[in-house]
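Engineer: Under numbering that gives the first Met the number 0, the first residue of the sequence shown carries the number 0, and numbering increases by one thereafter.
Beta carbons: idealized from backbone N, C-alpha and C, even for Gly.
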Amino acid sequence: MGFPSSLDCCKKTSMEFRHAIYRLYDEEHVSERKIAQMLGLSPSTVHYWITRRGKSATTKSGRPRVTDANMDQNLYEASRKDPFLSAVDLQKEWTPSCSVDTVRNRLNKKD
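(1) With DSSP collapsed to three states, give me the class of S43.
(2) At which residues does the alpha helix (DSSP H) containing D71 begin and terminate?
(3) What number of angstroms, rounded off, separates the C-alpha of E31 from the C-alpha of V45?
(4) Apart from the five residues just before and just after R103, which ones in its own chain have a Cβ nearer than 8 Å to its Cβ?
(5) Could you name the residues of the same chain whose beta carbon sits closer than 7 Å to that of L89, not counting the 5 residues immediately before and after it, in chain order?
(6) How about R105 and D71: are their beta carbons less than 7 Å apart?
(7) Locate the alpha helix (DSSP H) running through H28, then write down its first and last residues.
(8) Is N107 near the ligand ATP, in the sense that its beta carbon is under 6 Å from a heavy atom of that ligand?
(9) Please go through the same chain and pick out, in chain order, the residues whose beta-carbon is closer than 6 Å to the beta-carbon of K29, but skip the five residues on each side of it.
(10) List the whole-angstrom C-beta distance separating Y21 from R52, where the pair is believed to meet the contact cut-off of C-beta under 8 Å.
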C-alpha cells in the first residue's frame, strides 16, 4: 500500500489524485495523516479534499469560459480560411457574446 504508480506525474489536485485519496480513506481505511505521508501532501490538504468531496466534483476554479472547444475551432478555421479578417470581424461574425480580446486570446492560444 504505497504511492499509486499511475499518479507519479499527476498534479496533486487532479481528479485521479483525489480519487486515490478517497479510495485509500474509504476502502482501505487509512488515516488522513497516513495518506498525507504516503502521497507527500500536508494533512490539512488531505482533510480538505475528503471533507469537500460531496460539495464539488471539480478541481476547476474561476470563471467559466465564454466559448467552448467547438467555437474555438470554428474561429481558428475561419481565420485560416481568410487570414485578412481581423479579430473584430471574427467576433462580429462568430461570437457576438464575447469580447474581441477573447477572440484574440483564443487565436493566439491555438497558434
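Structural biologist: According to the data block:
(1) helix
(2) 68-80
(3) 6 Å
(4) A86
(5) L74, A77, S78, V102
(6) yes
(7) Taken as a continuous stretch (DSSP letters only), H28 belongs to no alpha helix (DSSP H), as it is neither H nor E.
(8) The ligand ATP is not among the ligands present in this structure, which contains no ligands whatsoever.
(9) Note that residue 29 is Val in the sequence shown here, rather than Lys. Only L23 meet the Cβ criterion.
(10) 6 Å
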